[in-house]
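Student: Following this message is one structure expressed as structure tokens.
There are 2 protein chains.
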Amino acid sequence: MLKPGARIGILGGGQLGRMLALDAARLGFDCVIFTPEDDSPAGRVAAACEIAPYEDLEAVARFAASVDVVTYEFENVPVETAQAAGRHAPLRPGVKALEVCQDRVTEKSFVNEAGIETTPWQAVSSAKDAIAAAQALGVPAILKTRRLGYDGKGQQVVRRAGDAASAFEALGSVPCILEAFAPFTREVSVVAARSVDGAVAAFPLAENHHEGGILRVSTAPAPGADGLAGEALRIASAILSGLEYVGVLAVELFVLEDGRLWVNEIAPRVHNTGHWTMDACTVSQFEQHIRAIAGWPLGDPAPHSAARMDNLIGADVERWQALASEPGVCLHLYGKGEAREGRKMGHVNRLSPLS
Amino acid sequence: MLKPGARIGILGGGQLGRMLALDAARLGFDCVIFTPEDDSPAGRVAAACEIAPYEDLEAVARFAASVDVVTYEFENVPVETAQAAGRHAPLRPGVKALEVCQDRVTEKSFVNEAGIETTPWQAVSSAKDAIAAAQALGVPAILKTRRLGYDGKGQQVVRRAGDAASAFEALGSVPCILEAFAPFTREVSVVAARSVDGAVAAFPLAENHHEGGILRVSTAPAPGADGLAGEALRIASAILSGLEYVGVLAVELFVLEDGRLWVNEIAPRVHNTGHWTMDACTVSQFEQHIRAIAGWPLGDPAPHSAARMDNLIGADVERWQALASEPGVCLHLYGKGEAREGRKMGHVNRLSPLS
Chain A
2 MLKPGARIGI LGGGQLGRML ALDAARLGFD CVIFTPEDDS PAGRVAAACE
52 IAPYEDLEAV ARFAASVDVV TYEFENVPVE TAQAAGRHAP LRPGVKALEV
102 CQDRVTEKSF VNEAGIETTP WQAVSSAKDA IAAAQALGVP AILKTRRLGY
152 DGKGQQVVRR AGDAASAFEA LGSVPCILEA FAPFTREVSV VAARSVDGAV
202 AAFPLAENHH EGGILRVSTA PAPGADGLAG EALRIASAIL SGLEYVGVLA
252 VELFVLEDGR LWVNEIAPRV HNTGHWTMDA CTVSQFEQHI RAIAGWPLGD
302 PAPHSAARMD NLIGADVERW QALASEPGVC LHLYGKGEAR EGRKMGHVNR
352 LSPLS
Chain B
2 MLKPGARIGI LGGGQLGRML ALDAARLGFD CVIFTPEDDS PAGRVAAACE
52 IAPYEDLEAV ARFAASVDVV TYEFENVPVE TAQAAGRHAP LRPGVKALEV
102 CQDRVTEKSF VNEAGIETTP WQAVSSAKDA IAAAQALGVP AILKTRRLGY
152 DGKGQQVVRR AGDAASAFEA LGSVPCILEA FAPFTREVSV VAARSVDGAV
202 AAFPLAENHH EGGILRVSTA PAPGADGLAG EALRIASAIL SGLEYVGVLA
252 VELFVLEDGR LWVNEIAPRV HNTGHWTMDA CTVSQFEQHI RAIAGWPLGD
302 PAPHSAARMD NLIGADVERW QALASEPGVC LHLYGKGEAR EGRKMGHVNR
352 LSPLS
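Chains as they are written, first to last, in this note's numbering: chain A, 2 to 356; chain B, 2 to 356.
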């Protein structure tokens with residue numbers, strides 16, 4: 002159990018690292034950020050910052066040796082980087098979560114082997130595979146790169162089986178996965194944590210709305226979803242223990258018409274659909290992650306309020322002045338310079354009494 | 002109106018500066034801390050830190066020239082330091098608040114001239130003065146140094162008029178003030194903000210309990226104190242406008258049996274009795290201060306929950322493990338190394354539904 006004053010190392014300097022560092026500070030910890038970026042959102046709120054490429058394993062070792070525990074804020078940290086860090090400090094969550102979640106085929110296989118449903122899928126290694134998979138699964142379907150996709154990047158919709166080959170080529174002819182369209186009625190997510198001693202705590206489900214592959218709005222607790230909470234917790238618990246996980250993880254779920262839940266995606270980290278917890282719970286997802294990796298008991302995930310979270314994407318952030326004037330709005334800005342299209346610049350939470 | 006990304010300079014590196022910096026970061030600002038301390042609580046969560054004595058006016062100028070606005074987190078910043086900073090960036094609140102509040106006689110004169118009551122008092126410059134004042138005001142009374150007192154330091158209770166001379170000598174024969182004991186039934190405080198354009202917003206009153214001159218507990222909204230809110234707001238508003246103040250300020254008030262309010266003390270800064278706002282309001286006192294000095298509109302001070310705040314003083318902080326295990330506790334630790342007696346190490350907020 003790390004004492005206040007201990008040092009927490011975070012691989013990655015983006016907004017998730019920033020919000021982790023802010024909550025870690027509130028618990029009395031010092032944070033050290035490892036990032037290739039000169040002037041990162043997280044680095045500007047941390048006690049120290051190691052600026053180097055992830056491939057510089059000497060810098061990684063120096064960083065890890067200077068802290069009491071290492072965590073990561075994004076799932077595409079190279080496995081070798083995480084392994085190098087893990088030789089000098091406990092790495093939480095561990096390498097297994099990265100290995101499983103960095104590849105969509107590995108991830109879906111892991112989920113299905115745990116007895117949890119996903120949309121039907123097939124691995125695709127060639128244009129010929131792609132056409133065969135589209136014929137087998139039916140169209141429309143979505144072709145995704147197995148690795149390094151996020152926020153709708155690295156995806157192509159396949160509307161006719163014959164188009165699968167060109168979609169594969171458009172994605173760079175890299176290893177892919179074809180996923181059948183899930184006949185979902187709504188998208189929800191469960192953000193859950195597992196402590197060092199194996200205890201699990203889940204925040205209430207959030208209902209999520211995406212546009213162009215990017216999350217726009219989360220509403221939590223998801224209205225009328227109390228009946229899904231038990232099954233969502235069972236799924237999250239199976240994934241957490243299967244990954245021997247320590248920390249916070251998010252599972253995006255499709256809700257089918259008959260109420261079944263299919264896993265869409267696992268994010269082995271704090272997650273955009275958990276940002277509502279920052280203002281609506283006594284313990285946010287960021288504090289929960291810090292508690293878990295520090296070996297502390299998990300906090301109570303019960304919310305004191307309901308919340309609607311709206312992302313500020315790209316030029317949305319130019320509305321900051323109006324948002325700052327709106328009573329009851331909790332404004333969160335990430336300290337990013339340029340408001341590029343599709344870039345997550347901040348979010349707002351609006352609270353309301355729990356119904 | 003400062004844009005997100007602007008730089009906020011804070012004179013002082015203690016826990017108040019730390020909590021200001023954390024909330025400023027949430028709004029997208031970068032903070033620069035000026036402190037003589039090598040390894041300060043605030044410096045470890047800020048984008049940059051200028052480490053120099055407050056008397057090093059060249060360092061102060063360099064610091065102020067590097068930011069877009071300067072504020073302070075404690076009222077004993079030397080006036081010359083604040084003035085030097087104010088030549089290079091807007092200083093908010095201004096020098097006047099420091100000049101008035103650094104001296105108990107000046108402060109009480111200012112309050113009384115604004116038509117607001119305080120306990121009866123007299124300035125004391127000599128042992129002879131002290132005895133005369135004790136005879137005039139009656140005993141028991143409290144002799145306090147005019148300058149540099151805090152948390153009960155620099156005070157002597159005078160129980161017999163004849164003891165006033167030795168009390169004066171025990172305080173170092175420096176300029177003092179003798180204050181009559183106020184016949185109060187409870188102590189409350191109002192934490193209020195004034196914006197650049199003169200708007201005022203006050204959080205609900207907190208009821209406060211001190212031990213040995215140090216705040217132990219605040220309860221807010223103060224139970225059964227709705228009838229006092231109007232008068233407290235009138236007092237706070239008069240003080241804020243009289244000081245041409247921009248930012249958050251606290252007024253400690255004695256509640257007399259007949260419901261009258263006497264000003265005990267003004268703190269020209271965020272205040273320990275406002276820490277409950279961090280978890281019970283959508284906008285905390287720290288965010289409110291940052292909004293004010295950045296030229297933003299003030300946030301809505303309405304709480305979503307009631308709160309009880311307990312300070313962790315000295316060895317209290319060793320209970321962190323039990324506190325971290327208690328559901329519903331919001332734990333705040335200040336990142337201070339040594340838990341010296343009387344040192345404020347952290348606080349906890351416990352929320353409950355608004356009654």
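Glycine residues also receive a C-beta, built at the ideal position from the N, C-alpha and C atoms.
For a contact meaning CB atoms closer than 7 Å, what does A/Arg-45 contact in chain B?
Tutor: Result: Asp-31, Ala-48.
Student: What residue range is occupied by the uninterrupted alpha helix (DSSP H) comprising A/His-290?
Tutor: 286-294 is the span of the alpha helix (DSSP H), which, as asked, contains A/His-290.
Student: Suppose the cutoff is 8 Å on Cβ atoms and the five residues either side in sequence are ignored; what does the same chain contact list for B/Ala-183 look like?
Tutor: Answer for B/Ala-183: Thr-120, Phe-255, Leu-257, Trp-263, Asn-265, listed in chain order.
Student: Looking only at DSSP bridge pairs, what is A/His-210 linked to?
Tutor: Looking at the DSSP assignment, A/His-210 forms a beta bridge with A/Val-218.
Student: Which residue marks the beginning of the beta strand (DSSP E) containing A/Met-346, and which one marks its end?
Tutor: First-last of the beta strand (DSSP E) with A/Met-346: 345-353.
Student: If you draw a straight line from the C-alpha of A/Ala-48 to the C-alpha of A/Ala-65, how long is it?
Tutor: Roughly 15 Å between the two C-alpha positions.
Student: Going by Cα to Cα distance, which pick from A/Leu-172, A/Phe-204, A/His-211 is closest to A/Ala-223?
Tutor: Among A/Leu-172, A/Phe-204, A/His-211, the Cα nearest to that of A/Ala-223 belongs to A/Phe-204.
Student: Around the Cβ of B/Ser-190, are there at least 16 other Cβ atoms within 10 angstroms (buried) or fewer (exposed)?
Tutor: It counts as buried.
Student: The alpha helix (DSSP H) that contains A/Phe-111, what's its start and end?
Tutor: Segment 105-114, the alpha helix (DSSP H) holding A/Phe-111.
Student: Quick one: is A/Gln-322 buried, meaning 16 or more other Cβ sit within 10 Å of its Cβ, or exposed?
Tutor: It counts as exposed.
Student: Reducing DSSP to helix, strand and coil, say where B/Trp-321 ends up.
Tutor: If DSSP states are grouped into helix, strand and coil, B/Trp-321 belongs with the helices.
Student: Taking any Cβ of chain A, which residues in the stretch 316-334 of chain B have a Cβ under 8 Å from it, in chain order?
Tutor: So the list reads Val-318, Trp-321, Gln-322, Ala-325, Ser-326, Pro-328, Gly-329, Val-330, Cys-331, Leu-332, His-333, Leu-334, given in the order they occur along the chain.
Student: May I ask you to report which of helix, strand or coil DSSP gives A/Asn-265?
Tutor: Residue state, collapsed to three classes: strand.
Student: What residue does the alpha helix (DSSP H) around B/Leu-234 start on, and which one ends it?
Tutor: Its alpha helix (DSSP H) spans residues 230-243.
Student: Which of the three DSSP states, helix, strand or coil, is assigned to A/Gly-10?
Tutor: Reduced to three states, the DSSP call for A/Gly-10 is strand.
Student: Just curious, the beta strand (DSSP E) that B/Met-279 is in, first and last residue?
Tutor: Per DSSP, B/Met-279 belongs to no beta strand (DSSP E); it is in the alpha helix (DSSP H), 278-281.
Student: With a threshold of 8 Å between beta-carbons, can A/Thr-283 be considered close to chain B, or not?
Tutor: So yes, A/Thr-283 belongs to the interface.
Student: In chain order, which continuous runs of the beta strand (DSSP E) of length 3 or greater are located wholly inside the stretch 12-98 of chain A?
Tutor: Complete beta strand (DSSP E) runs here, min 3: 31-36, 49-52, 70-73.
Student: At which residues does the beta strand (DSSP E) containing B/Lys-337 begin and terminate?
Tutor: Looking at the DSSP string, B/Lys-337 is not in any beta strand (DSSP E), and its letter there is neither H nor E.
Student: Which residues does DSSP list as the beta-bridge partners of B/Glu-188?
Tutor: B/Glu-188 pairs with B/Asn-209, B/Phe-255.
Student: Assign A/Lys-109 to one of two classes, buried (16 or more other C-beta atoms within 10 Å of its C-beta) or exposed (fewer than that).
Tutor: Classification for A/Lys-109: buried.
Student: Could you compute how far the alpha carbon of A/Ala-86 sits from the alpha carbon of A/Val-284?
Tutor: Approximately 28 Å between the Cα atoms of the pair.
Student: Straight-line CA distance for A/Gln-335 to B/Leu-28?
Tutor: Per the sequence shown, residue 335 of chain A should be read as Tyr rather than Gln. Rounded to the nearest angstrom, the two C-alpha atoms are 8 Å apart.
Student: Applying the criterion that 16 or more other CB atoms from any shown protein chain within 10 Å of the CB defines a buried residue, is B/Thr-186 buried or exposed?
Tutor: So B/Thr-186 ends up on the exposed side.
Student: Which residues bound the beta strand (DSSP E) around B/Ile-314?
Tutor: Looking at the DSSP string, the run of the beta strand (DSSP E) that includes B/Ile-314 is 307-314.
Student: Is the separation between the beta-carbon of A/Pro-269 and that of A/Cys-102 shorter than 8 Å?
Tutor: Taking 8 Å as the Cβ cut-off, A/Pro-269 and A/Cys-102 qualify as a contacting pair.
Student: DSSP puts B/Trp-122 in a beta bridge; with which residues?
Tutor: Looking at the DSSP assignment, B/Trp-122 forms a beta bridge with B/Glu-180.
Student: Hey, B/Leu-352 and B/Asp-259: beta-carbon distance below 8 Å or not?
Tutor: No.
Student: Going along chain A in order, which residues have a C-beta closer than 7 Å to the C-beta of B/Ser-306?
Tutor: By Cβ distance, chain A contributes His-305.
Student: Are the C-beta atoms of A/Asp-301 and some chain B residue less than 8 Å apart?
Tutor: True, the Cβ-Cβ gap to chain B drops below 8 Å.
Student: Expressed to the nearest angstrom, what Euclidean distance is found between the alpha-carbon atoms of A/Arg-105 and A/Arg-148?
Tutor: If I take the Cα positions, the gap works out to 7 Å.
Student: Chain B beta carbons: is any one of them nearer than 8 Å to that of A/Asp-311?
Tutor: Not closer than 8 Å to any Cβ of chain B, the Cβ of A/Asp-311 fails to qualify, so no.
Student: What does a CB cutoff of less than 7 Å around A/Ala-325 pick up in its chain, not counting 5 residues either side in sequence?
Tutor: Within the same chain, A/Ala-325 has close Cβ partners Leu-332.
Student: Does DSSP classify B/Leu-138 as helix, strand or coil?
Tutor: Helix at B/Leu-138.
Student: Suppose the cutoff is 6 Å on Cβ atoms and the five residues either side in sequence are ignored; what does the same chain contact list for A/Glu-232 look like?
Tutor: For A/Glu-232, where only same-chain residues beyond five positions count, the Cβ hits under 6 Å are Leu-262.
Student: With respect to 7 Å, is the separation between the Cβ of A/Ile-11 and the closest non-hydrogen atom of the ligand FMN below this value?
Tutor: Here there are no bound small molecules, and the ligand FMN is not part of this structure.
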